[in-house]
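Colleague: Before anything else, here's the structure in question.
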Amino acid sequence: MAFGFYLSLTLLLSVWTTAKCHVIPNGVLHMECRDRYFMIAVDLFYTGNEPSFEAVDETGVYPITKQYAAKCGYSVGVFPALEHVELRASYFSCHADNKEDEVFTFNFNLIVTHKGKRVTYALNKTCSPSLPWSPREVTCEVNYMEVSVRSDVTCPIGTKKGDWDAVVKTAYASATADWQVMFQQQQQELLPISLKTAKTHGYVFDLTNGRLVFRTPYGQPDSYNTEVNGVPVEVVHATLFSRQSWVLVMVDLVAACSMYKGSYDNSGYIMWETPVVLHPLVSGHNRMQVNIGVNGELVEQSVAEKRGYIVKQHNSTVEISIPYKAEGGYRKSIASGNLYIFHLYLEQISLDGDHVNTRLRVHRTLATPLLPRPVFTANRTVSKSAHSLSISTVPEDVVLAAFHLNGQEFKVLKIQA
Numbered sequence: 001m002a003f004g005f006y007l008s009l010t011l012l013l014s015v016w017t018t019a020k021c022h023v024i025p026n027g028v029l030h031m032e033c034r035d036r037y038f039m040i041a042v043d044l045f046y047t048g049n050e051p052s053f054e055a056v057d058e059t060g061v062y063p064i065t066k067q068y069a070a071k072c073g074y075s076v077g078v079f080p081a082l083e084h085v086e087l088r089a090s091y092f093s094c095h096a097d098n099k100e101d102e103v104f105t106f107n108f109n110l111i112v113t114h115k116g117k118r119v120t121y122a123l124n125k126t127c128s129p130s131l132p133w134s135p136r137e138v139t140c141e142v143n144y145m146e147v148s149v150r151s152d153v154t155c156p157i158g159t160k161k162g163d164w165d166a167v168v169k170t171a172y173a174s175a176t177a178d179w180q181v182m183f184q185q186q187q188q189e190l191l192p193i194s195l196k197t198a199k200t201h202g203y204v205f206d207l208t209n210g211r212l213v214f215r216t217p218y219g220q221p222d223s224y225n226t227e228v229n230g231v232p233v234e235v236v237h238a239t240l241f242s243r244q245s246w247v248l249v250m251v252d253l254v255a256a257c258s259m260y261k262g263s264y265d266n267s268g269y270i271m272w273e274t275p276v277v278l279h280p281l282v283s284g285h286n287r288m289q290v291n292i293g294v295n296g297e298l299v300e301q302s303v304a305e306k307r308g309y310i311v312k313q314h315n316s317t318v319e320i321s322i323p324y325k326a327e328g329g330y331r332k333s334i335a336s337g338n339l340y341i342f343h344l345y346l347e348q349i350s351l352d353g354d355h356v357n358t359r360l361r362v363h364r365t366l367a368t369p370l371l372p373r374p375v376f377t378a379n380r381t382v383s384k385s386a387h388s389l390s391i392s393t394v395p396e397d398v399v400l401a402a403f404h405l406n407g408q409e410f411k412v413l414k415i416q417a
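1 is the number of the first residue of the sequence shown in my numbering; add one for each residue after it.
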């Protein structure tokens, strides 16, 4: 009897400290189905600076860590100026319930700590994309690249003949009934690996009802960096292959994204660039349309023009210019009116030589850089042999990085609070 009593008490305490609630708390500001992803926004005051989410499906519960998010199609961002935490989940994320590529159901746990108690809230939503899927879609998220192609799309001719011959030769010699993948890099030996091994390296390959999905975090060993029209681009080129009876089946998948950090000029604009053609297997020359937005939502062209957004094409490069004070951005610093930050959302639609549409979506954070600003000081010099200066209180969102004295810069190594 005593054993049973203590066991019951232990279970009761365990349930109390990890209580689960099905009522959506007031701290959840939005749960929205967007055109290519699901978004949850939670009040930062409610979550604190270290929010915790879990993805849930019929196989279990999976903590969304930084590494797991990049692998599985999630991004979590903390936006102090907007006072919220945002979770974005791709419609093809690992634990979304996908019905015919038309209906996607998401199940997440939001974990918060209140008065020392860990409380879990279940957040659920079913979404249907507001736009039909293009034959080829590429997403450049802040922490991963994702490409999906319709299963009946023909492979475009974008690989050099010599490179393609080497790929075919390697695949023919290594092919089995099990699917394998080769990652093509510039002047690198082709090494086939199993999809199981590729998964352990952080890659995800998935075959849905009608699409093949490939996702990769940035900075993978099998990716390579190049420049296209002077713009830095990261590329991952994967070739899947399998022997089916007497036929060798091969599929080319390429994820390519502009890694341009953004720039600014004295005329009051933040600028960002991306090549018209990131890679021959990603986008084409024949026709291009660009739509722009902020904070994850595209806006009509008339709205973009009214806000002062400028989109132009110059030397095969798409150039985006956003006024510092344009609607949709917010102040980065309370110390200066000229520090602003924007969460750029870009759509680029192109048509390749086989008349196949490619839709590219880009999420990027653009910010004006740190700028030198005068600080208020008080001269407290007492003796002639030394100088003492007192610097006024530095705001929380300002970094005291260095100061200039008589034309010489002195770095601030450590500040005692």
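Positions of the beta carbon are idealized from the N, C-alpha and C atoms, including for glycine.
Give a yes or no on whether the C-beta atoms belonging to P63 and E54 are separated by under 8 Å.
Modeller: Within the sequence shown, the letter at position 63 stands for residue 63. Within the sequence shown, the letter at position 54 stands for residue 54. Result yes, Cβ atoms of P63 and E54 sit closer than 8 Å.
Colleague: Check this for me: beta carbons of R150 and P135, under 8 Å apart or not?
Modeller: Within the sequence shown, the letter at position 150 stands for residue 150. Within the sequence shown, the letter at position 135 stands for residue 135. Going by C-beta atoms, R150 is nearer than 8 Å to P135.
Colleague: Can you check DSSP and say which residues form a bridge with Q348?
Modeller: The residue given as residue 348 occupies position 348 in the sequence shown. BP columns for Q348 point to V290, L360.
Colleague: Helix, strand or coil for F92? Go by DSSP, reduced to three states.
Modeller: Here residue 92 refers to the residue found at position 92 when the sequence shown is read from its first residue. Three-state result, F92: coil.
Colleague: Whose C-beta lies closer than 8 Å to the C-beta of V142 among residues of the same chain, with five residues either side of it excluded?
Modeller: As a first step, residue 142 is located in the sequence shown; it is residue number 142 there, counting from the start. S75, G77, H363, R364, T365.
Colleague: Compare the Cα-Cα distances from V167 to each of V228, I270, G262, M182 and report the closest residue.
Modeller: The count along the sequence shown starts at 1 and reaches residue 167 at position 167. The residue with the shortest Cα to Cα distance from V167 is M182.
Colleague: Mind checking T358: buried by the 16 CB within 10 Å criterion, or exposed?
Modeller: Mapped onto the sequence shown, residue 358 falls at position 358. T358 is buried by the Cβ-count criterion.
Colleague: List, from N- to C-terminal side, the alpha helix (DSSP H) runs of 4 residues or more that fit wholly inside the stretch 50 to 86.
Modeller: Correct list: 66 to 72.
Colleague: Between the Cα of M271 and the Cα atoms of L240, K312, T120, which residue gives the shortest distance?
Modeller: One-based indexing of the sequence shown puts residue 271 at position 271. M271 has its Cα closest to that of K312, out of L240, K312, T120.
Colleague: Taking the alpha-carbon positions, what's the L400 to E409 distance?
Modeller: As a working mapping, residue 400 is identified with position 400 in the sequence shown. As a working mapping, residue 409 is identified with position 409 in the sequence shown. Straight-line Cα distance between these residues: approximately 13 Å.
Colleague: Tell me the DSSP secondary structure of K115 in three-state form.
Modeller: Position 115 of the sequence shown, counted from the start, is the residue given in the question as residue 115. Three-state DSSP puts K115 in coil, outside helix and strand.
Colleague: Spatial neighbours of T274 within its chain, please: C-beta separation below 6 Å, excluding the five flanking residues on both sides.
Modeller: Walking along the sequence shown from the start, residue 274 turns up at place 274. So the list reads S258, V318, once near-sequence residues are dropped.
Colleague: Looking at the secondary structure, which residues open and close the alpha helix (DSSP H) in which R307 lies?
Modeller: Mapped onto the sequence shown, residue 307 falls at position 307. 301 to 307 is the span of the alpha helix (DSSP H), which, as asked, contains R307.
Colleague: Buried or exposed: where does D265 fall if 16 or more other Cβ atoms within 10 Å of its Cβ makes it buried?
Modeller: Residue numbering aside, residue 265 sits at position 265 when the sequence shown is read from its first letter. D265 comes out exposed.
Colleague: Are the CB atoms of L344 and I320 nearer to each other than 8 Å?
Modeller: Here residue 344 refers to the residue found at position 344 when the sequence shown is read from its first residue. Here residue 320 refers to the residue found at position 320 when the sequence shown is read from its first residue. Cβ atoms of L344 and I320: closer than 8 Å.
Colleague: Smallest Cα separation from F106: which of N124, G407, Y203?
Modeller: The count along the sequence shown starts at 1 and reaches residue 106 at position 106. Of the candidates N124, G407, Y203, the one whose C-alpha sits nearest the C-alpha of F106 is N124.
Colleague: For M288 and I341, which I take to be in contact (beta-carbon distance under 8 Å), what is that distance rounded to the nearest angstrom?
Modeller: As a working mapping, residue 288 is identified with position 288 in the sequence shown. As a working mapping, residue 341 is identified with position 341 in the sequence shown. M288 to I341, Cβ: 28 Å. No contact.
Colleague: What is the DSSP secondary structure of K411, counted as helix, strand or coil?
Modeller: As a first step, residue 411 is located in the sequence shown; it is residue number 411 there, counting from the start. Reduced to three states, the DSSP call for K411 is strand.
Colleague: Measure the Cβ-Cβ separation of A255 and E137 and say whether it is below 8 Å.
Modeller: One-based indexing of the sequence shown puts residue 255 at position 255. One-based indexing of the sequence shown puts residue 137 at position 137. No, the pair does not count as a contact, with Cβ atoms beyond the cut-off.
Colleague: Go through its chain and collect everything with a Cβ distance to V233's Cβ below 8 Å, but skip five positions before and after it.
Modeller: As a position in the sequence shown, residue 233 is number 233, starting the count at 1. Same-chain partners within the cutoff: N225, T226, E227, A256, C257, S258, M259, P275, L278, H279.
Colleague: Beta carbon of F241, beta carbon of Q180: below 8 Å?
Modeller: One-based indexing of the sequence shown puts residue 241 at position 241. One-based indexing of the sequence shown puts residue 180 at position 180. It is a contact, given that the beta carbons lie within the stated cut-off.
Colleague: Which residue wins for smallest C-alpha separation from A173, given the options L190, Q185, V85?
Modeller: Within the sequence shown, numbered from 1, the residue matching residue 173 stands at position 173. The residue with the shortest Cα to Cα distance from A173 is L190.
Colleague: Pick out whichever of K325, F79, G60 has its Cα sitting closest to the Cα of R307.
Modeller: For the purposes of this step, residue 307 is identified with residue 307 of the sequence shown, where counting begins at 1. Ranking K325, F79, G60 by Cα distance to R307 puts K325 first.
Colleague: Give every residue of the same chain whose Cβ lies closer than 8 Å to the Cβ of Q220, excluding the five residues on either side of it in the sequence, and list them in chain order.
Modeller: Start at 1 with the first residue of the sequence shown, and residue 220 comes out as number 220. So the list reads H201, G202, Y203, V236, once near-sequence residues are dropped.
Colleague: Between the Cα of N229 and those of Y218, T197, N315, T47, spot the shortest distance and give me the residue it belongs to.
Modeller: Taking the sequence shown and counting its residues from 1, the one referred to as residue 229 is at position 229. Of the candidates Y218, T197, N315, T47, the one whose C-alpha sits nearest the C-alpha of N229 is N315.
Colleague: Tell whether a beta-carbon distance below 8 Å holds between Y46 and P80.
Modeller: Counted from its first residue, the sequence shown places residue 46 at position 46. Counted from its first residue, the sequence shown places residue 80 at position 80. No; because the gap between Cβ atoms is not below 8 Å, this pair is not in contact.
Colleague: Do P217 and G268 have their beta-carbon atoms positioned less than 8 Å apart in this structure?
Modeller: In the sequence shown, the residue the question calls residue 268 occupies position 268. In the sequence shown, the residue the question calls residue 217 occupies position 217. Contact: no.
Colleague: Quick test of your reading: N291 and E347, contact by CB under 8 Å. State the CB separation rounded to the nearest angstrom.
Modeller: Within the sequence shown, numbered from 1, the residue matching residue 291 stands at position 291. Within the sequence shown, numbered from 1, the residue matching residue 347 stands at position 347. Confirmed, Cβ separation roughly 4 Å.
Colleague: Does DSSP classify F403 as helix, strand or coil?
Modeller: For the purposes of this step, residue 403 is taken as residue 403 along the sequence shown, with counting starting at 1. Note: F403 maps to strand in three-state DSSP.
Colleague: Just the C-alpha distance for A367 and G293, rounded to the nearest angstrom, thanks.
Modeller: Locating residue 367 in the sequence shown gives position 367, counting from the first residue. Locating residue 293 in the sequence shown gives position 293, counting from the first residue. Rounded to the nearest angstrom, the two C-alpha atoms are 15 Å apart.
Colleague: Considering T368, what are the terminal residues of the alpha helix (DSSP H) in which it resides?
Modeller: On the sequence shown, position 368 is the one that residue 368 refers to. Counting along the chain, T368 falls outside any alpha helix (DSSP H), and DSSP gives it neither H nor E.
Colleague: Please say whether Y91 and Y37 have beta carbons closer to each other than 8 Å?
Modeller: In the sequence shown, residue 37 corresponds to position 37, counting from 1. In the sequence shown, residue 91 corresponds to position 91, counting from 1. Taking 8 Å as the Cβ cut-off, Y37 and Y91 qualify as a contacting pair.
Colleague: Any C-beta of chain B sitting closer than 8 Å to the C-beta of M182?
Modeller: In the displayed structure, chain B is absent; only one protein chain is listed.
Colleague: Do you know how far the Cα of L44 is from the Cα of E100?
Modeller: In the sequence shown, residue 100 corresponds to position 100, counting from 1. In the sequence shown, residue 44 corresponds to position 44, counting from 1. Each residue's Cα considered, the two are about 35 Å apart.
Colleague: According to DSSP, simplified to helix, strand and coil, what is Y203?
Modeller: To locate residue 203, count along the sequence shown from 1; it is residue 203. In the structure shown, Y203 sits in coil (DSSP, three-state: anything other than H, G, I, E or B).
Colleague: Which runs of the alpha helix (DSSP H) spanning at least 4 residues fall entirely within the stretch 205 to 290, listed in chain order?
Modeller: Runs found: none.
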